[in-house]
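S.K.: In the UniProt record's numbering, the protein residues as written are 1 to 324.
Just dropping this structure here.
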Amino acid sequence: MESKAMTTIKATPATGPRASLPVLSHFKYEHLVAGISGGVVSTLMLHPLDLIKIRFAVNDGVSKTTPQYSGLRNAIKEIVRVEGLRGLYRGVTPNVLGSGSSWGFYFFFYNSIKTWIQGGNSKKPLGPSLHMVAAADAGILTLLMTNPIWVVKTRLCLQYTSDIRLDESKRYSGMFDALGKIYRTEGFRGLYKGLVPGMFGVSHGAIQFMTYEEMKNRYNNYRKMPIDTKLATIEYIIFAAISKLIAAASTYPYQVVRARLQDHHHDYRGTLHCVQQIWRREGWRGFYKGLGVNLTRVTPATVITFVVYEHMSDFLLGMQRNSI
C-alpha cells in the first residue's frame, strides 16, 4: 500500500513555474552563451564603425558642437587626429556589454519561444509568420532588459573634446558614471529614452530572423535534408549577410530617431517631435544619415555574430548530448 502511494506521488505532474509556463522547459543556456560570444567578438572587431555611424546619425546640420565629417575615411582620420586612437573606442565597454547581452538574450528567448511553438520538434517548420512572432517577442524582451545600456553607449560615443561648455552632469567618465548621472539628473525615464523607436526597431530583428530562418529552411528543403541540418560556414555567411541587408535597409530610420532622442546635445520633446524636426530640417534623407556606414558595419558584424553563434551553439549542444 505504501509502495503504491509513493508511486502515485511520483507520477503526480510537477507544479510550479515550469508547469504553468511550458515555454520555460525549453530554455537552454547554450543559446545564451553562444549569442553572447558572437556579440562580443563582432563588437570588439567593429566598434569604431558603430561609433562613426552614431555620429553621422545625430548630425542634424544645425548643432555647432557636432563634428562635421565628409565621409567614412574622413571621419576616421579626424577622430584619430583630434581624439587619438582611443577616440575610436569611446563607448566600447557598454557596447560590448550591450551587444553581448542583447545577442545572448535574443538568441536565448528566440530559440526558447521557437522550440515551444514547435512543441520540441526542431524539424517542424514554422513558416514566415510564426518566425516573425518568435523574433518580435524575443526582441521586445531583450529591448526592455538592455535599453539603459544602449542609452549609455550612445552618450559615451557622443562625448566630444570640443564639449567645453557642456554641463558637468552630462560629462561622463565611463559606463557606471554615465548610468549614475543619467539616473540622478533624468530619472528612470532617462535610462529608457529611445524606447518607443526601439520598439519599432523590433521589426528589424523580426525581419532579419524570419529571412534568415526561411532561407536556411528552404535551402535544406532544396537539398532534401531536415530543416535543422547543420550548414557549412560559407552558407551561414551568405544567409546572414542577405538577411541583415534586407532588414537594415527596410528599418534604418528608427535608428536615427532613437540615436537623436538619446543624444544629450539635443532636446526633443518626444518621438513625434523628433520625427517632425528631422523631416522639416533635413527631409527624407535625414532618416537615412549614416546608412552607408551602418551597412559597412552591421553586415560583417552580423556575419561574425551568426557564424560564431551557430558553431558555438552546435558545439555546446553536442557536448550536452554526449554527456547524457
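By construction, the Cβ of each residue, glycine as well, lies at the ideal position given by its N, Cα and C atoms.
#1: Residues in its own chain within less than 7 Å of Y212 by CB, not counting five upstream and five downstream?
#2: From the DSSP output, in three-state form, read off N59 for me.
#3: Rounded to a whole number of angstroms, what is the C-alpha to C-alpha distance between L191 and V257?
#4: When burial is assigned at 16 or more other CB atoms within 10 Å of the CB, is V152 buried or exposed?
#5: Return the residue from the list D228, L141, R297 that minimises the CA-CA distance to F107.
#6: Shortest alpha-carbon distance to S203 belongs to which of Y252, R218, T229, R223?
#7: Around the C-beta of N322, are 16 or more other C-beta atoms found within 10 angstroms, so that it is buried, or is it exposed?
#8: Can you find the residues in the same chain that come closer than 7 Å, C-beta to C-beta, to R184, ignoring five residues on each side of it along the sequence?
#9: Here's a check: name, in chain order, each residue in its chain whose Cβ is nearer than 7 Å to the Cβ of T271, leaving out the five neighbours to either side.
#10: Quick check: the stretch 91–109 against the stretch 38–49, are at least 3 beta-carbon pairs closer than 8 Å?
#11: Which residue's Cα is closest to the Cα of M210: F200, M132, Q277, A136?
#12: Assuming contact is defined by CB atoms lying nearer than 9 Å, are Y236 and V303 in contact in what I supplied?
#13: Which ranges would you report for the beta strand (DSSP E) in the UniProt repeat "Solcar" (26–116) if only whole runs of at least 3 residues count?
#14: As a quick exercise: from Y172, F176, T146, P125, pick the residue whose alpha carbon is nearest that of T229.
#15: Just the C-alpha distance for V293 and I54, rounded to the nearest angstrom, thanks.
#16: Taking the alpha-carbon of T154 as reference, which of I52, F287, V298 has the nearest alpha-carbon?
#17: Take the Cβ of P148 as the centre, count every other Cβ of all protein chains shown within 10 Å, and call the residue buried at 16 or more, exposed below.
#18: Could you name the residues of the same chain whose beta carbon sits closer than 6 Å to that of G194, not counting the 5 residues immediately before and after it, in chain order?
#19: What does the Cβ neighbour count give for S102, buried or exposed, with the cut at 16 atoms within 10 Å?
#20: Less than 9 Å between the beta carbons of A248 and L291, yes or no?
#21: For the alpha helix (DSSP H) containing I227, list its first residue and its last residue.
#22: Using the rule of at least 16 other Cβ atoms within 10 Å of the residue's Cβ for burial, across every protein chain shown, is L144 buried or exposed?
M.R.: Short version:
#1: Around Y212: F239, A240, S243.
#2: Coil at N59, not helix or strand.
#3: Note on geometry: alpha-carbon atoms of L191 and V257 lie some 16 Å from one another.
#4: Buried, because 16 or more other Cβ atoms sit within 10 Å of the Cβ of V152.
#5: When each option's Cα is compared against that of F107, the closest is L141.
#6: If we check each option's Cα against that of S203, Y252 comes out closest.
#7: N322 should be labelled exposed.
#8: There are no such residues.
#9: Within its own chain, the residues whose Cβ lies closer than 7 Å to the Cβ of T271, once the five positions on either side in sequence are excluded, are V196, P197, V257, L261, listed in chain order.
#10: Yes, the stretch 38–49 is in contact with the stretch 91–109.
#11: Measuring from the Cα of M210, the nearest candidate turns out to be M132.
#12: The beta carbons of Y236 and V303 sit closer together than 9 Å.
#13: Listed in chain order, nothing qualifies, since the UniProt repeat "Solcar" (26–116) has no complete beta strand (DSSP E) run of 3 or more residues.
#14: Cα-wise, what sits closest to T229 is P125.
#15: Taking C-alpha positions only, V293 is separated from I54 by approximately 9 Å.
#16: Answer by Cα proximity: I52.
#17: By the 10 Å Cβ count, P148 comes out buried.
#18: Hits under 6 Å: R258, L261, Q262.
#19: By the 10 Å Cβ count, S102 comes out buried.
#20: Taking 9 Å as the Cβ cut-off, A248 and L291 qualify as a contacting pair.
#21: First-last for I227: undefined, no H or E at that position.
#22: With fewer than 16 Cβ atoms within 10 Å of its Cβ, L144 is classed as exposed.
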